[in-house]
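What follows is a single structure, written as structure tokens, with notes after it.
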Amino acid sequence: FGEISLTEQEAKLLKLFITNRGRPLSRRKLLEIGWGYARGTTTRTVDNFIVRFRKYFERNPKKPIYFKSLRSVGYVFDHDTDHTP
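In the numbering used here, the protein residues as written are 8 to 92.
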């Protein structure tokens with residue numbers, strides 16, 4: 008894939024996903040931890056970051072294998088070493 012330059016916020020969010028690998032993270036939780044937003048805040052910010060991560064890291068962003076959506080839950084980072092690059 009080559010070298011990727013991440014913004015400070017992207018790096019912070021990626022670290023959060025890596026440290027919670029395999030565990031679902033709700034949009035609310037991502038907003039609270041990643042941006043310090045109060046509970047009840049709604050925004051598409053998280054979704055926009057996920058779109059970027061999929062463009063950066065997924066072979067086919069439309070069929071993600073690493074940054075997966077969980078309907079009515081949020082997202083999960085699944086970095087299974089069995090995935091073929």
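Ideal Cβ placement from N, Cα and C applies to all residues, glycine included. Just so it is clear, the structure is predicted and the values come from calculations on it, not from any experiment.
Hey, could you find the ends of the beta strand (DSSP E) residue i is sitting in?
i, result
"VAL53", "Taken as a continuous stretch (DSSP letters only), VAL53 belongs to no beta strand (DSSP E), being part of the alpha helix (DSSP H) at 52-64."
Can residue i and residue j be called in contact, C-beta distance under 8 Å?
i, j, result
"GLY80", "SER33", "A quick correction: the sequence has Val, not Gly, at residue 80. Going by C-beta atoms, VAL80 is nearer than 8 Å to SER33."
"GLU17", "ARG59", "yes"
"PRO68", "ARG61", "yes"
For the alpha helix (DSSP H) that residue i lies in, which residues bound it at each end?
i, result
"LYS36", "34-42"
"THR26", "15-26"
Would you list the residues sitting across from residue i in a DSSP beta bridge?
i, result
"SER76", "TYR82"
Would you tell me roughly how many angstroms separate the C-alpha atoms of residue i and residue j, rounded to the nearest one?
i, j, result
"ASN55", "VAL83", "15 Å"
"PRO92", "HIS86", "Residue confidence is low: PRO92 scores 49 on pLDDT, short of 50, so the model does not pin down where it sits. Its coordinate-derived value is still stated next. In a straight line, the C-alpha of PRO92 is about 11 Å away from that of HIS86."
"GLU39", "THR26", "16 Å"
"THR48", "TRP42", "11 Å"
"ARG46", "ARG35", "7 Å"
"ARG51", "LEU23", "18 Å"
"GLY29", "ILE72", "12 Å"
"PHE64", "PRO31", "19 Å"
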